[in-house]
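Undergrad:
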């Protein structure tokens, strides 16, 4: 299901780019093709570093790129819907929180790396990782506005502060979920499924030397 959704979103981007070229909307078409290229980055980076990414996480990333860049920028959803930016920042914080949690959790479980971190630190790392990425994104928006004359920050300081607040809320939620998972080890948790899939697809990281 996840792989199918990812394929559908990429197909929509490709067909959208073709339609825009046909209608003479060349700038939007090029932007859409670049967005399509960005959606392939998780797979390309995975192949580059010989790491196989869980399908669910890859699909979530593709969906976020689709909603933020294609719908948000190309289709002007940021302008048409005032809440669009807040929703996407929540999603970004969720994705980065999951990434941070998976990273430190997998390292913590790896036998060759003697970390032995407790669940409080793992949750804190996921929380700070997500906030850190969100902060870097705000710096990128500010730099793009100043250097390229864009308007990514919209209302300036107010927009930035609301984005950061939403980032904190999203990061807090995923860190609490991660903390709860480590404590209870719920078999039906999406984190459990992603962790098991990551270990299954990348056994060499967990083999004893």
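Numbering (the numbering used here), first residue to last: 41 to 249. By construction, the Cβ of each residue, glycine as well, lies at the ideal position given by its N, Cα and C atoms.
(1) Assuming residue 207 and residue 125 make a contact with CB atoms under 8 Å, what is their CB distance in whole Å?
(2) CA-CA distance, residue 220 and residue 209?
(3) Identify the continuous alpha helix (DSSP H) that holds residue 92 and give its terminal residues.
(4) Evaluate residue 53 with the Cβ neighbour count: other Cβ atoms within 10 Å of its Cβ, from every protein chain shown; 16 or more gives buried, anything less gives exposed.
(5) What whole-angstrom Cβ distance do residue 170 and residue 144 have, given they're in contact under 8 Å?
(6) Do residue 135 and residue 105 have their C-beta atoms closer together than 8 Å?
(7) For a quick check, are the C-beta atoms of residue 56 and residue 80 less than 8 Å apart?
(8) Grouping DSSP H, G and I as helix and E and B as strand, with all else coil, what is residue 115?
(9) Can you find the residues in the same chain that come closer than 8 Å, C-beta to C-beta, to residue 216, ignoring five residues on each side of it along the sequence?
(10) Leaving aside the five residues before and after residue 102 along the sequence, list all residues of the same chain whose C-beta is less than 6 Å from its C-beta, in chain order.
(11) Mapping DSSP to helix, strand and coil, what is residue 122?
(12) Please state whether DSSP places residue 131 in a helix, a strand or coil.
(13) Report the residue from 98, 60, 87 whose alpha carbon sits nearest the alpha carbon of residue 43.
(14) Quick one: what's got a C-beta closer than 6 Å to residue 130's C-beta in the same chain, skipping five residues either side?
(15) Check for me: the alpha helix (DSSP H) holding residue 197 runs from which residue to which?
TA: Taking the definition as stated:
(1) The Cβ separation is near 11 Å, so there is no contact.
(2) The alpha-carbon separation between residue 220 and residue 209 amounts to approximately 17 Å.
(3) Note, residue 92: premise wrong, no alpha helix (DSSP H); not H, not E.
(4) buried
(5) Not confirmed; about 12 Å, so no contact.
(6) Their beta carbons are not under 8 Å apart, which means residue 135 does not touch residue 105 by this criterion.
(7) no
(8) Residue 115: coil per DSSP, three-state reduction.
(9) 163
(10) 46, 49, 79
(11) coil
(12) The three-state secondary structure of residue 131, taken from DSSP, is helix.
(13) 98
(14) 206, 210
(15) 197-224
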